[in-house]
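2 protein chains.
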Amino acid sequence: MQIVMHQTHQIIGDFDKIYTEIETHLRDSKKGELHLYPELYFTGYPLQDLVLQRTFIERYLAFFDKVNELFESSKDNGAMFLFGGLHYQFDDSNLPIKIRNVIWKGISGQKLEDVYTKQLLPNYDIFDEEKYYEPGKEANVITFESKNIGLLICEDMWFSSSHDEDPITRLQDYISEKSIELDLIVNLSASPFFLGKEAKRIQRASLIGHKFGCPFFYLNMVAFEDEIIFDGGSFVTNGDEVIAQGNLFRADLLKVELPESKPAKTISEKAEIVENTWESLFKPSLDLTQRPPVLPQLSDEDCQTILEAIQLSVQDYIRKTGFKKFTIALSGGIDSALVVAILSLIKTQEQELEAIYMPGFYSRGISYDLSAQLCQNVGIKLTTLPIKFFHSSIKNSFKDNFGEDLEGLSDENIQSRLRGALLFARSNQTNSIVFNTSNKSEIAVGYSTMYGDSVGALSILGDLYKSEVFQLANYINKKWKGIIPEEIITRPPSAELREDQEDQQSLPPYERLDAILEGLLSYRLSLKELHDLGLDQNEIEKTYDLYNKSEYKRRQFCPIIKLKAKSFGFGYRVPITKSFK
Amino acid sequence: MQIVMHQTHQIIGDFDKIYTEIETHLRDSKKGELHLYPELYFTGYPLQDLVLQRTFIERYLAFFDKVNELFESSKDNGAMFLFGGLHYQFDDSNLPIKIRNVIWKGISGQKLEDVYTKQLLPNYDIFDEEKYYEPGKEANVITFESKNIGLLICEDMWFSSSHDEDPITRLQDYISEKSIELDLIVNLSASPFFLGKEAKRIQRASLIGHKFGCPFFYLNMVAFEDEIIFDGGSFVTNGDEVIAQGNLFRADLLKVELPESKPAKTISEKAEIVENTWESLFKPSLDLTQRPPVLPQLSDEDCQTILEAIQLSVQDYIRKTGFKKFTIALSGGIDSALVVAILSLIKTQEQELEAIYMPGFYSRGISYDLSAQLCQNVGIKLTTLPIKFFHSSIKNSFKDNFGEDLEGLSDENIQSRLRGALLFARSNQTNSIVFNTSNKSEIAVGYSTMYGDSVGALSILGDLYKSEVFQLANYINKKWKGIIPEEIITRPPSAELREDQEDQQSLPPYERLDAILEGLLSYRLSLKELHDLGLDQNEIEKTYDLYNKSEYKRRQFCPIIKLKAKSFGFGYRVPITKSFK
Numbered sequence: 111m112q113i114v115m116h117q118t119h120q121i122i123g124d125f126d127k128i129y130t131e132i133e134t135h136l137r138d139s140k141k142g143e144l145h146l147y148p149e150l151y152f153t154g155y156p157l158q159d160l161v162l163q164r165t166f167i168e169r170y171l172a173f174f175d176k177v178n179e180l181f182e183s184s185k186d187n188g189a190m191f192l193f194g195g196l197h198y199q200f201d202d203s204n205l206p207i208k209i210r211n212v213i214w215k216g217i218s219g220q221k222l223e224d225v226y227t228k229q230l231l232p233n234y235d236i237f238d239e240e241k242y243y244e245p246g247k248e249a250n251v252i253t254f255e256s257k258n259i260g261l262l263i264c265e266d267m268w269f270s271s272s273h274d275e276d277p278i279t280r281l282q283d284y285i286s287e288k289s290i291e292l293d294l295i296v297n298l299s300a301s302p303f304f305l306g307k308e309a310k311r312i313q314r315a316s317l318i319g320h321k322f323g324c325p326f327f328y329l330n331m332v333a334f335e336d337e338i339i340f341d342g343g344s345f346v347t348n349g350d351e352v353i354a355q356g357n358l359f360r361a362d363l364l365k366v367e368l369p370e371s372k373p374a375k376t377i378s379e380k381a382e383i384v385e386n387t388w389e390s391l392f393k394p395s396l397d398l399t400q401r402p403p404v405l406p407q408l409s410d411e412d413c414q415t416i417l418e419a420i421q422l423s424v425q426d427y428i429r430k431t432g433f434k435k436f437t438i439a440l441s442g443g444i445d446s447a448l449v450v451a452i453l454s455l456i457k458t459q460e461q462e463l464e465a466i467y468m469p470g471f472y473s474r475g476i477s478y479d480l481s482a483q484l485c486q487n488v489g490i491k492l493t494t495l496p497i498k499f500f501h502s503s504i505k506n507s508f509k510d511n512f513g514e515d516l517e518g519l520s521d522e523n524i525q526s527r528l529r530g531a532l533l534f535a536r537s538n539q540t541n542s543i544v545f546n547t548s549n550k551s552e553i554a555v556g557y558s559t560m561y562g563d564s565v566g567a568l569s570i571l572g573d574l575y576k577s578e579v580f581q582l583a584n585y586i587n588k589k590w591k592g593i594i595p596e597e598i599i600t601r602p603p604s605a606e607l608r609e610d611q612e613d614q615q616s617l618p619p620y621e622r623l624d625a626i627l628e629g630l631l632s633y634r635l636s637l638k639e640l641h642d643l644g645l646d647q648n649e650i651e652k653t654y655d656l657y658n659k660s661e662y663k664r665r666q667f668c669p670i671i672k673l674k675a676k677s678f679g680f681g682y683r684v685p686i687t688k689s690f691k
Numbered sequence: 111m112q113i114v115m116h117q118t119h120q121i122i123g124d125f126d127k128i129y130t131e132i133e134t135h136l137r138d139s140k141k142g143e144l145h146l147y148p149e150l151y152f153t154g155y156p157l158q159d160l161v162l163q164r165t166f167i168e169r170y171l172a173f174f175d176k177v178n179e180l181f182e183s184s185k186d187n188g189a190m191f192l193f194g195g196l197h198y199q200f201d202d203s204n205l206p207i208k209i210r211n212v213i214w215k216g217i218s219g220q221k222l223e224d225v226y227t228k229q230l231l232p233n234y235d236i237f238d239e240e241k242y243y244e245p246g247k248e249a250n251v252i253t254f255e256s257k258n259i260g261l262l263i264c265e266d267m268w269f270s271s272s273h274d275e276d277p278i279t280r281l282q283d284y285i286s287e288k289s290i291e292l293d294l295i296v297n298l299s300a301s302p303f304f305l306g307k308e309a310k311r312i313q314r315a316s317l318i319g320h321k322f323g324c325p326f327f328y329l330n331m332v333a334f335e336d337e338i339i340f341d342g343g344s345f346v347t348n349g350d351e352v353i354a355q356g357n358l359f360r361a362d363l364l365k366v367e368l369p370e371s372k373p374a375k376t377i378s379e380k381a382e383i384v385e386n387t388w389e390s391l392f393k394p395s396l397d398l399t400q401r402p403p404v405l406p407q408l409s410d411e412d413c414q415t416i417l418e419a420i421q422l423s424v425q426d427y428i429r430k431t432g433f434k435k436f437t438i439a440l441s442g443g444i445d446s447a448l449v450v451a452i453l454s455l456i457k458t459q460e461q462e463l464e465a466i467y468m469p470g471f472y473s474r475g476i477s478y479d480l481s482a483q484l485c486q487n488v489g490i491k492l493t494t495l496p497i498k499f500f501h502s503s504i505k506n507s508f509k510d511n512f513g514e515d516l517e518g519l520s521d522e523n524i525q526s527r528l529r530g531a532l533l534f535a536r537s538n539q540t541n542s543i544v545f546n547t548s549n550k551s552e553i554a555v556g557y558s559t560m561y562g563d564s565v566g567a568l569s570i571l572g573d574l575y576k577s578e579v580f581q582l583a584n585y586i587n588k589k590w591k592g593i594i595p596e597e598i599i600t601r602p603p604s605a606e607l608r609e610d611q612e613d614q615q616s617l618p619p620y621e622r623l624d625a626i627l628e629g630l631l632s633y634r635l636s637l638k639e640l641h642d643l644g645l646d647q648n649e650i651e652k653t654y655d656l657y658n659k660s661e662y663k664r665r666q667f668c669p670i671i672k673l674k675a676k677s678f679g680f681g682y683r684v685p686i687t688k689s690f691k
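Respectively, the protein sequence lines represent chains G and Z. Residue 611 in my numbering is what sits at position 501 of the first sequence, and the numbering runs on without skipping anything. Residue 201 in my numbering is what sits at position 91 of the second sequence, and the numbering runs on without skipping anything.
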């Protein structure tokens, strides 16, 4: 028996494409092959409200009928297919009353059969599944080629003490009752990536495989959906051993013979219950061996993984939205430089990258020189579009029409918003996509201008603190021979919106700011606890105040590529208006 | 026995203020008084992730201890208090593992006692309660002055067939088992407003009151939180009769003697099960007596309610954010004119409203005249800030620096974005708040420029279709003697971003567009169903296509005052990238 694992990379609702894929796979399949597809392969994931929209439902049902007919009308070739898909139940007026996330079994000559319903519906952080789906309440084991196959969907493997019901215990009870043994467990997943998650999945699969004394087939999809990365990395464990491993961040096909030897029914020494709930996110990633604590350094491997995660995200976003050109505003600072460096590394030959430098009265000459050097290093065009004249014209106009000068914050922000408007004018002119260049530290304290430097279709660095931006830049320079001019990394960060402005005039040094933010954002630490760790009370209070008051900016921010367990975006929900004390 | 219903109006997390309020109420309370407070009165609602943040938790616990001590140390005066609040349960490492939404009972000389946990946690549309809270599983009846009081929190009264557990049945079982009768039912709520909801609440309360043969005390809070309005409107039913009724949209205090006569234990004739779930939102509001169907007309009463809802929202938002000035960009079109008219009607004397008119090359003279007339009618200042010169300077600069003209869409959008930048420069200059002027039709089809006319801190009309914008404008003109110049209402809508532009060149006529959108957005109707109703196939497909492709704009849109059962905003979650066919 051969297990064929289709680590697919698809688009939500792209039913024609999915049908063609299934048709081809069915035609090419052979006796003894068990074909596996990810969770909700029939539709893509996450669907959110789409799952309730009648237009979507009609299209899905038409697609499903076609797949059903394809299987029913084909001659049995001895292969079995397990697809993730939806099961709708309608009321009298044709409204969906129960929607289940299921496994459809396909065998030629037969109708598709719904063999399993996802039991654990994640409903924390980015997940809203209890909003839409009805949970299954039963384990199931199917047989193929005389082998017993235990079925799970994604979260079902992440039983935890906070769940009332536990699919693993149910599976155990099921086989005890029927007096059977499992020959393999299959988990069809659509599992979001964050840094460090892969090891947790393997550890958990190994644990469950040992419990049942059989190999564990873990299949995950590849995609980037709005902000969430599905990183693939499908694998097969046989006890402690990983006997097959799929690509990360790319579609893949794994063909794995069912191993002859089964692992012992013992608890692996590595086994440890890793919870997969809100609580597991309650852990800030801080290096507590230092006082005051700092963010842990990103390893070279982390940096490489981040680059690959960004590559998938960017390429998938533009594949789906149809852009072929990217426009980035370079300021001479580290964030925009890093975005340009990354895009130059991950773009294909057909994709065009261009940079715009928009100097104002407070831009230093060196900012242009460094931007030009960077563009030369990565081989892209840099166009200068000065804003001084527009800026002074607007100032004059305000004085003339309102009788008041634009000063202070209003004078700073208008420069940033002019740049935002010009950048998007260029984007409209060339039909190019604008990527946002903000980092997580800025977003957290609102250190940016709404509709100004915060614009963009997608934020590339929005889940990386400023310290991590530096680390990633250094990694790139090490690996790609200094493509980012060193002075961009070493000069003091500045928004260059007034004379001699530097970030550190308004913010604590980034090293300490980032530690405070991680403590706050990953919930675990209160102001008092941060202070007890040796962080400065004034800096803590200032940071909390800035964070607390800038919720309104985050609400209008673009989607951010999610790289961490706890990120801004869909899984972060905090009221804008509240007591600001 | 007198029931004192505190229809409060508070700010989330404003613990000092809430404590002072409690202190005063306790001091002034008398024997035989039952004081009621809304759901989560101790904290405000909805809390979202705040409920998990340690800083918030520490503050809440400190507040709670203070209230506890206040009650414990006071001499018993024979009054009872029922407060909505949180109950935290922590694990060994002091992390919240169970959080319950409860009723705290306060009697002087005693510790606060947790007497009831909310059972039905709404988890559809704008609600995420299953993400945060642990449901109660038990009914409870407490006694005061020898009367039996049945307890409910908000959603608990909205039992429906889609819920596995039903708090009303549990309450019934509880009193049967104990062989007692209820003398009153109390429901502490934090219930969001939408047009037409009030009647549903009274109907439901009456139904439950009849079931138990006792009066029903429904207490709701007043607040505007980000986009959700809590409209107050607390009431008491005794059978079919409403014996007390609180203000809508304003704090209130109701003192109600427990009625001597109880209603019959019969099912009220008016009783009908009104579901309060996703399914109840699956009903587009369309007048199907016409072919093709249209949106139903807003009644005068609807219009007045909408104005009061907007008044609460605007005033609450600025109360919490501290603004005293409003700046609006007037275009000469209906949307911005209506916003100015509304703000002029609802602002206080201390609040300043100013308008800016930013003419470009394609602005018609009449647009200025009408804007000036409006401002004169409502007695506010209008400043003209022409964008022609900035626009042509930017065009020249693009030609010089990129060698390409800004034409078509890029030329249209830069005008809109220039206006957005200038509007916010003025906002920064005067520390005023900018209200957004988009309507629901525009937002639905993406007929606006991101960072241009779509800017603002809060959208006032974003839950009203264009046809409703006209209806509301007509209502205001009828009631306030034509303050909006009639031609603003009758002239064809135009963005004035190119020569002779009119909305209807790009969009179906609003009457039909709005009917299609309501059918699509309230989920119920698919493209085929809309066509079957007599709507035009080309217009349906065009509208769906525009809707489908503009999700990215909605993701960066500001919060919208929610006026309808189904709105854009927090309760609307659709993937940006998907198959766009």
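Note that the Cβ used here is the ideal one computed from N, Cα and C, for glycine as well.
inquiry  = Would the segment 579-596 of chain G count as touching the segment 165-175 of chain Z if we require 3 or more Cβ pairs under 8 Å?
reply    = In short, these stretches do not touch, since the Cβ pair count stays below three.
ask   = I think G:K672 touches G:I452, with their Cβ atoms under 8 Å apart; what is that distance to the nearest whole Å?
value = Here residue 672 of chain G corresponds to residue number 562 of the first sequence, with the count starting at 1. Here residue 452 of chain G corresponds to residue number 342 of the first sequence, with the count starting at 1. That pair is no contact at about 16 Å.
query = Which residues, taken in chain order from the segment 232-255 of chain G, show a beta carbon closer than 8 Å to some beta carbon of chain C?
reply = Protein chains G and Z are contained in the structure displayed, whereas chain C is not.
query = Using the beta-carbon count (16 or more within 10 Å), is Z:P403 buried or exposed?
reply = Stepping through the second sequence from its first residue, residue 403 of chain Z is reached at position 293. Classification for Z:P403: buried.
task = Check G:G195 in the structure and name its three-state DSSP category.
result = For the purposes of this step, residue 195 of chain G is identified with residue 85 of the first sequence, where counting begins at 1. If DSSP states are grouped into helix, strand and coil, G:G195 belongs with the strands.
ask   = Excluding sequence positions up to five away, which residues of its chain have a Cβ less than 7 Å from the Cβ of G:R665?
value = Position 555 of the first sequence, counting from 1, holds the residue named residue 665 of chain G. The beta carbon of G:R665 is closer than 7 Å to those of I686 in its chain, skipping five residues each way along the sequence.
query = Can you tell which of Z:G142, Z:L656 and Z:E464 has the C-alpha that lies nearest to the C-alpha of Z:A554?
reply = Stepping through the second sequence from its first residue, residue 554 of chain Z is reached at position 444. Its Cα nearest to that of Z:A554, the residue Z:L656 stands out among Z:G142, Z:L656 and Z:E464.
task = Tell me, please, whether the CB atom of G:P685 is closer than 7 Å to any CB atom in chain Z?
result = Translated into the one-based positions of the first sequence, residue 685 of chain G becomes position 575. It does: the Cβ of G:P685 has a partner Cβ on chain Z nearer than 7 Å.
inquiry  = What would DSSP say about G:R429, mapped onto helix, strand or coil?
reply    = Residue mapping note: residue 429 of chain G aligns to position 319 of the first sequence, counting from 1. Reduced to three states, the DSSP call for G:R429 is helix.
inquiry  = Suppose only complete runs of 4+ residues qualify. What are the alpha helix (DSSP H) ranges in the segment 554-639 of chain G, listed by chain order?
reply    = Within the segment 554-639 of chain G, the complete alpha helix (DSSP H) segments of 4 residues or longer fall at 576-589, 596-600, 613-616 and 620-631, listed in chain order.
ask   = What are the partner residues of Z:E223, as DSSP defines its beta bridges?
value = Start at 1 with the first residue of the second sequence, and residue 223 of chain Z comes out as number 113. Beta-bridge pairing links Z:E223 to Z:K215.
query = So is Z:L230 in contact with chain G if we call contact Cβ pairs under 7 Å?
reply = Within the second sequence, the letter at position 120 stands for residue 230 of chain Z. No - not a single Cβ of chain G is within 7 Å of the one on Z:L230.
query = How many Å lie between G:K380 and G:A189 at the Cα?
reply = As a working mapping, residue 380 of chain G is identified with position 270 in the first sequence. As a working mapping, residue 189 of chain G is identified with position 79 in the first sequence. At G:K380 the pLDDT is 48, less than 50, meaning the model places this residue with poor confidence and gives no usable figure here.
task = Could you tell me which residues DSSP puts in a beta bridge with G:V346?
result = As a first step, residue 346 of chain G is located in the first sequence; it is residue number 236 there, counting from the start. Looking at the DSSP assignment, G:V346 forms a beta bridge with G:F327 and G:A354.
message = Less than 7 Å between the C-beta atoms of G:L364 and G:G356, yes or no?
response = Taking the first sequence and counting its residues from 1, one reaches residue 364 of chain G at position 254. Taking the first sequence and counting its residues from 1, one reaches residue 356 of chain G at position 246. Cβ atoms of G:L364 and G:G356: closer than 7 Å.
inquiry  = Given this structure, state the Cα-to-Cα distance separating G:E275 from G:I263, to the nearest angstrom.
reply    = Within the first sequence, the letter at position 165 stands for residue 275 of chain G. Within the first sequence, the letter at position 153 stands for residue 263 of chain G. When rounded, the distance between both Cα atoms is 14 Å.
request  = Using a cut-off of 7 Å between C-beta atoms, extract the partners of G:K221 located in chain Z.
outcome  = Reading the first sequence from its first residue, position 111 is the one you call residue 221 of chain G. Neighbours of G:K221 in chain Z, taken as residues whose beta carbon is under 7 Å from its own, are absent, since the nearest beta carbon is some 25 Å off.
key: Residues near G:L281 in its chain [Cβ-Cβ closer than 7 Å; skip 5 each side]   = Translated into the one-based positions of the first sequence, residue 281 of chain G becomes position 171. Answer for G:L281: A249 and G260, listed in chain order.
task = For the beta strand (DSSP E) holding G:T134, just list the boundary residues, first then last.
result = On the first sequence, residue 134 of chain G is found 24 positions in, with the first residue counted as 1. Bounds of any beta strand (DSSP E) do not take in G:T134; it lies within the alpha helix (DSSP H) bounded by F125 to D138.
task = Helix, strand or coil for Z:M468, going by three-state DSSP, please let me know.
result = Here the question's residue 468 of chain Z lines up with position 358 in the second sequence. It is coil, neither helix nor strand.
key: Beta-carbon neighbours of Z:L519, restricted to chain G and to distances below 7 Å   = Taking the first residue of the second sequence as position 1, residue 519 of chain Z is located at position 409. Taking a Cβ-Cβ threshold of 7 Å, the residues of chain G close to Z:L519 are N538, in chain order.
request  = Note down, in chain order, each residue of its chain lying with its Cβ closer than 7 Å to the Cβ of Z:D573, except the 5 sequence neighbours on either side.
outcome  = Here residue 573 of chain Z refers to the residue found at position 463 when the second sequence is read from its first residue. Sequence-distant Cβ neighbours of Z:D573 in its own chain, meaning closer than 7 Å and more than five residues away, are K550, I670, I671, K672, L673, K674 and S677.
ask   = Can you give the Cα-Cα distance for G:D563 and G:D336, rounded to whole angstroms?
value = On the first sequence, position 453 is the one that residue 563 of chain G refers to. On the first sequence, position 226 is the one that residue 336 of chain G refers to. Cα to Cα, the separation comes out at about 20 Å.
ask   = beta strand (DSSP E) containing Z:I543: first to last residue?
value = Looking up residue 543 of chain Z in the second sequence gives position 433. Here the beta strand (DSSP E) through Z:I543 covers I543 to N546.
request  = On a CA-only basis, which of Z:Y243, Z:F269, Z:I524 and Z:Q425 is nearest Z:S454? Give me that one, please.
outcome  = Working through the second sequence from its first residue, we reach residue 454 of chain Z at position 344. Closest by C-alpha distance to Z:S454, out of Z:Y243, Z:F269, Z:I524 and Z:Q425, is Z:Q425.
query = Relative to the alpha-carbon of Z:G319, which residue among Z:I121, Z:N297, Z:E460 and Z:I524 has its alpha-carbon at the smallest distance?
reply = Here residue 319 of chain Z refers to the residue found at position 209 of the second sequence. Selected option, being the one with the closest Cα: Z:N297.
message = Which residues in chain G have a C-beta closer than 7 Å to the C-beta of Z:T431? List them in chain order.
response = By one-based count along the second sequence, residue 431 of chain Z stands at place 321. Chain G residues near Z:T431: T687.
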